[in-house]
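The sequence shown lines up with residues 1 to 104 when you count with this note's numbering. We put the CB at the ideal spot given by N, CA and C, even for glycine. Note that the structure is predicted; figures quoted are calculated from it, not measured. Everything on this sheet refers to the single structure shown next.
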Amino acid sequence: MTERQLTVGSQSAGLDEHEVDQFLVRYGDTIDDRIGEILDELLEERMRQHQRVPVLPLTTTVVAATVISLILTWYSPLAVAVVWCATAVICVSLTHAARLSKPR
């Protein structure tokens, strides 16, 4: 608040500048601490909503599928399609299992 707003507000409420300063000195830290606690609670709640995907298992699965696909390309192109379908199923199940295992 600006000085003028404090002056106008204190005059309309019957408070002088000294009383406003005393209020801020007395309750300012308490108000600041409570606002900080509220913000921490909101941030924790938001972080719980955004769950992380298991990156390492998914990356390992895709790399393994790529290597197997390159090897199987010489033997059977149909097997490559089967490998990638299986890889998609594995990645979806890993992601789903990670989301279910997180406490809400």
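- Query: Around the Cβ of Ala-65, are there at least 16 other Cβ atoms within 10 angstroms (buried) or fewer (exposed)?
  - Reply: buried
* To do: Let me know the secondary structure DSSP gives Trp-74 once reduced to three states.
  => Coil at Trp-74, not helix or strand.
Secondary structure at Pro-57, three-state DSSP: helix, strand or coil? Pro-57: helix per DSSP, three-state reduction.
Check: What's the gap between the Cα of Asp-32 and the Cα of Ser-93?
Finding: 45 Å
| query | So, using beta-carbon positions, are Val-62 and Thr-73 closer together than 8 Å? | reply | no
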